[in-house]
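See structure below.
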Amino acid sequence: MSHNKESRLSEEEMMGRICEAGDFLQKHLGSFKPMVGLVLGSGLGDLADEILDPVTVDYQDIPHLSRSTVPGHAGRFVAGKLQGQDVLCMQGRFHYYEGYSMFEVTLPIRVMQYLGIGILVVTNACGGMNRDFAAGDLMLINDHINMTGDNPLIGENLPEFGPRFPDMSEAYCPRLRALAREVGRELGIKLQEGVYVSISGPSYCTPAELIFLRKAGGDTVGMSTVPEVIVANHGGQQVLGISCVTDMAIGEDLEKLDHEMVVAMANKTKPRFITLVKGILERLADV
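Under numbering that gives the first Met the number 0, the first residue of the sequence shown carries the number 0, and numbering increases by one thereafter.
Structure below.
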């Protein structure tokens with residue numbers, strides 16, 4: 000599907016695809032009813048390997064879902080028990096820059112909503128624009144700026160999921176953020192907090208763009224997450240966002256960067272990230 004407006008689906012077509020994909024996935028899950036959704040970004044997919052009694056379904060086997068083409072993204076759902084929670088994990092995600100429409104990028108989130116999942120934990124690898132941050136930091140997302148040039152809710156509304164004009168004043172659930180901060184303190188994991196800026200990619204930002212985005216209020220920058228969070232909020236899910244700062248993106252001091260460097264730093268940060276998310280899942284009953 001192309002990005003042009005002529006390719007926008009009707010409400011009936013969107014609902015048909017969501018239902019077909021959701022029913023297919025539920026058939027594979029059997030009686031298992033996940034309550035928490037996890038979206039694992041670049042280099043962070045290993046958390047899914049810790050799920051007990053896992054059921055795995057490749058994205059490309061599910062009707063209307065696409066194939067994840069990015070290194071570091073396994074491209075499958077993994078369902079099962081993690082820290083006492085019934086979870087459905089996205090081991091890798093879809094990106095706008097892969098050529099997918101916003102509907103295709105966010106279809107897995109709609110499928111989670113169709114299956115009744117009320118809490119969504121989204122993660123990503125990102126560049127740090129805040130000079131107080133360092134590569135390897137974990138950042139709680141408290142807000143975002145959408146600089147992709149598109150919005151996944153453009154087109155016909157899906158009233159079964161949410162209103163035409165959804166509120167975004169608390170896009171990242173304050174209670175889940177408070178829980179994450181508490182768990183971080185208990186585990187001795189330092190957590191930054193700030194605003195995530197989403198760009199379309201796939202090119203990394205120029206120095207001038209990074210200076211602009213920092214001055215606009217951004218602390219980190221990446222190529223994912225925001226479309227998923229917009230759709231999650233539209234569908235009434237509570238969202239927790241965690242960014243792994245894999246490189247420093249300070250416009251005035253910018254150094255050359257490639258995807259392998261991003262994945263390498265994400266891998267280095269992985270043990271702390273996994274410990275933090277498992278600690279949060281263990282305490283979700285407190286929220």
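Quick reminder that beta carbons are idealized off the backbone N, C-alpha and C, glycines included.
Taking its Cβ as the centre, do 16 or more other Cβ atoms sit within 10 Å of residue i, making it buried, or is it exposed?
i, result
"PHE164", "exposed"
"ILE241", "buried"
"ASP287", "Absent from the structure is residue 287, since the part of the chain shown begins at 0 and ends at 286."
"GLY115", "exposed"
"GLY148", "exposed"
"ALA207", "exposed"
"ILE153", "exposed"
"LEU39", "buried"
"ALA179", "buried"
"GLY126", "buried"
"GLU103", "buried"
"LEU51", "exposed"
Mind checking which residues open and close the alpha helix (DSSP H) that includes residue i?
i, result
"HIS258", "258-281"
"MET155", "One detail in the question is off: residue 155 reads as Glu in this sequence, not Met. That residue, GLU155, is in no alpha helix (DSSP H); it is neither H nor E in DSSP."
"ASP22", "10-28"
"ILE210", "206-214"
"ALA179", "173-186"
"ASN232", "225-233"
Please report the residue range of the beta strand (DSSP E) in which residue i lies.
i, result
"GLY55", "Contrary to the premise, residue 55 reads as Thr rather than Gly in this sequence. 51-57 is the span of the beta strand (DSSP E), which, as asked, contains THR55."
"LEU64", "Run containing LEU64: none; DSSP gives neither H nor E here."
"ASN141", "137-146"
"GLU192", "190-198"
"ARG75", "75-81"
"ALA124", "118-127"
"GLN236", "Unbroken run through GLN236: none, as it is neither H nor E."
"LEU253", "Unbroken run through LEU253: none, as it is neither H nor E."
"GLY36", "35-39"
"GLY44", "Per DSSP, GLY44 belongs to no beta strand (DSSP E) and is neither H nor E."
"GLY221", "219-221"
Shortest alpha-carbon distance to residue i belongs to which of the options?
i, options, result
"TYR195", "SER65, LEU51, ASN129, ILE144", "ILE144"
"SER168", "ASN141, GLU10, GLY187, PHE160", "ASN141"
"ILE188", "HIS233, ALA20, PHE272, LEU175", "PHE272"
"GLY44", "ASN156, ASP60, PHE76, LEU209", "PHE76"
"GLU49", "ALA20, SER41, GLY79, TYR58", "GLY79"
"ASP131", "GLN191, PHE93, ASP166, ASN123", "GLN191"
"THR268", "ALA133, PRO53, GLN59, HIS94", "ALA133"
"VAL238", "ALA170, SER197, ASN156", "ALA170"
"ASN266", "LEU280, THR245, GLU281", "THR245"
Q. Considering only residues of the region 86-113, which uninterrupted alpha helix (DSSP H) runs meet the minimum length of 4 residues and lie entirely inside it, listed in chain order?
A. 101-113
### Stretch-stretch touch, CB-based, cutoff 8 Å, three pairs: the region 81-92 with the region 21-41
yes
- Hey, is the region 251-258 in contact with the region 202-213, meaning 3+ C-beta pairs nearer than 8 Å? yes
> Below 8 Å, can you find three or more Cβ-Cβ pairs linking the region 107-122 to the region 225-235?
Replying inline: yes
For the region 53-68 and the region 119-139, state whether three or more C-beta atom pairs, one from each stretch, are separated by less than 8 Å. no
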